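Only one structure is covered here, and it is reproduced in the block below.
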Amino acid sequence: MEEVKQIVANIRKGNISPLYFLFGEEPYYIDMISQFIEKNVLSEEEKGFNQMVLYGKDVNIDEIVGQAKRYPMMSERQVVIVKEAQDLSRTIEQLIHYAENPQPTTVLVICYKYKKLDKRKKLYKVVQKNGVLFESKKLYENQVSDWIRKVLQSKGYSISHKASILLVENLGTDLSRISKELVKLTMILPKESQITSENIEEHIGISKDYNNFELKKAIGERDVLKAYKIINYFSQNPKDNPFVLTVTLLHSFFSQLLQYHGLNDRSPKNVASALRINPYFVEEYQVAARNYPMKKVSAIVSHLREMDLKGKGVGANALPSSDLLKELLVNIL
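Going by this note's numbering, the first residue of the sequence shown is number 213, and it counts up by one from there.
Below is the structure:
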């Protein structure tokens, strides 16, 4: 995030590179930088003749270079943005010749999502020398809560720990999706507010009591009554609580629990590091490990794989999700 801020700050100061190569597994920051360039480098009057957006599936490298080598019309520079450039992955190395001597009056932005640029190849080194090379890395689940807190802090808000965990457990690590929900909350709530789980339930529609986070916790504690209450709620609201998502999250939890059983050092710091979880959750794994020995955990992981297939319609004879959820819970507990 600091690197993104630096890139944006340099552009604001007029320190604009002729070439930006944005790549990596996390599309959120790639979109953020490219959209900032699209909106801010040229004035509205200049954009008509001097700003062009291309798509990787519709062009080849020669066409991109041809556009980039054009001279701007009645403007100091032109902007050429290539979106979905990963569709050019087989020929992307052909960009080397242009990258070696980029047109100084062009700002060429390559958005190369979900892929990495090979550091061993010449293109990586040439762009690094003559332009801005930015890798947008996917955040681990245990890093997303901190990301949420920082984003809200920059907007003048705070968030309770339970509320941030609730967002991550239900929205995953998709920063674009989380960002949209945060924008919604900041539009509704006054500045200086602390966002709570009640706010999330009211404005985003994620129940603070009946969600995958609470289900995982109830199962870990072997709280049968609470687990069944949540399962019944899921059965009555299947669109908001997809079975496949529940199975995926539980599979991740028990796989990590299996890893926990194999640790020699079970200090909270080492557990959080080894399992890549927020330190807040370490006690949850300690409790679950006492309730589920390694042999049982191994059997549950195997069963969850079967349930995942059933949830996708393999060998389940189209059973409703309510029946699958009950079978899932019986086999775990």
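Backbone N, C-alpha and C define an ideal beta-carbon position, used for all residues, glycine too.
The model shown is predicted, which means the values in this text are computed figures rather than measured ones.
Asked: Cβ neighbour criterion (16 or more within 10 Å) applied to phenylalanine 466; Found: buried
Asked: When Asn482, Glu288, Leu387 and Glu381 are compared against lysine 420, the one with the closest alpha-carbon; Found: Glu381
Asked: Nearest residue (CA-CA) to serine 246, options Ile219, Glu237 and Asp270; Found: Ile219
Asked: Straight-line Cα distance separating serine 391 from glycine 553; Found: Outside the shown range of the chain (213 to 545) lies residue 553, about which nothing can therefore be said.
Asked: 9 Å Cβ cutoff met for leucine 234 and phenylalanine 346; Found: yes
Asked: With 16 other Cβ atoms within 10 Å as the buried cut-off, status of isoleucine 400; Found: exposed
Asked: The region 512-527 in contact with the region 496-503 per 3-pair CB rule at 8 Å; Found: no
Asked: DSSP-derived helix/strand/coil call for leucine 531; Found: coil
Asked: Three-way DSSP call (helix, strand, coil) for glutamine 315 in this model; Found: coil
Asked: Beta carbon of histidine 373 nearer than 9 Å to that of leucine 397; Found: no
Asked: DSSP three-state assignment for isoleucine 418, whether helix, strand or coil; Found: coil
Asked: Buried/exposed call for threonine 303, threshold 16 Cβ in 10 Å; Found: exposed
Asked: Length of the line joining the Cα atoms of threonine 385 and isoleucine 412; Found: 17 Å
Asked: For tyrosine 492, the three-state DSSP class (helix, strand or coil); Found: helix
Asked: Cutoff 8 Å; reference leucine 457; Cβ partners in own chain excluding five residues on either side; Found: Asn424
Asked: Cβ distance (whole Å) where serine 409 is taken to contact leucine 378 below 8 Å; Found: 5 Å
Asked: For lysine 328 and glutamine 340, the rounded distance between their alpha carbons; Found: 14 Å
Asked: Other residues of its chain near glutamine 306: CB distance less than 7 Å, five sequence neighbours each side excluded; Found: Ile273
Asked: Residue range of the unbroken alpha helix (DSSP H) whose run includes glutamate 426; Found: 424-432
Asked: Strand pairing of leucine 347, partner residues [DSSP]; Found: According to the sequence shown, residue 347 is glutamate rather than leucine. Looking at the DSSP assignment, glutamate 347 forms a beta bridge with Phe235.
Asked: With 16 other Cβ atoms within 10 Å as the buried cut-off, status of valine 292; Found: buried
Asked: Helix, strand or coil at isoleucine 308 [DSSP, three-state]; Found: helix
Asked: Cut-off 8 Å between Cβ atoms - residues of its own chain near aspartate 299, not counting five sequence neighbours on either side; Found: Tyr267, Gly268 and Lys269
Asked: Alpha helix (DSSP H) segment containing valine 339, residue limits; Found: 334-342
Asked: Same chain, Cβ closer than 6 Å to glutamine 290, neighbours up to 5 away in sequence not counted; Found: Asn262, Pro284 and Thr318
Asked: Whole-number beta carbon distance between arginine 389 and leucine 545, since they are thought to touch under 8 Å; Found: Not quite, the Cβ-Cβ distance comes to about 31 Å (not below 8 Å), so this is no contact.
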